[in-house]
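Shown next, in structure tokens, is the structure this report addresses.
In our numbering, the protein residues as written are 2 to 145.
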């Protein structure tokens with residue numbers, strides 16, 4: 002299922018610029034945050050229904066991806082969390098490859114396994130978890 006509709010850029014100019022640069026170059030530019038690789042996730046807005054895009058850290062294993070709702074250790078979930086809960090069908094671009102996925106919020110042993118993979122991919126997540134004062138949500142994206 003291709004996500005279609007009006008694109009509504011986010012409110013963080015740096016992310017909007019990074020998404021545009023990444024997409025225009027098939028992931029050759031705008032492909033890192035803090036020196037670590039990112040992917041672009043496209044989703045439908047929970048309230049507006051408009052298309053939203055955000056760069057997130059690349060956490061991949063056997064063709065599935067994890068999305069980590071850390072917001073740098075902020076006390077609340079990211080805005081995109083609500084979008085994915087409301088509309089779990091998303092698209093993900095990893096370099097030049099774009100595919101559709103279905104997102105699911107994971108818990109228990111599966112969450113722990115993906116959390117370990119996420120910290121291995123981006124070690125700052127461990128510190129963010131200490132600061133957050135909440136359990137950081139982990140979504141797994143499986144190919145649609």
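Every residue, glycine too, gets a C-beta built ideally from N, C-alpha and C.
Please classify residue 28: is it buried, with 16 or more other beta-carbons within 10 angstroms of its beta-carbon, or exposed?
buried
Per DSSP, cross-strand counterpart(s) of residue 101
92
Candidates 132, 14 and 66, of which the one nearest residue 111 by Cα
66
What's the C-alpha gap between residue 68 and residue 85?
10 angstroms
Give a yes or no on whether the C-beta atoms belonging to residue 132 and residue 36 are separated by under 9 angstroms.
no
Is it buried or exposed for residue 13, if we count other Cβ within 10 angstroms and need 16 for buried?
exposed
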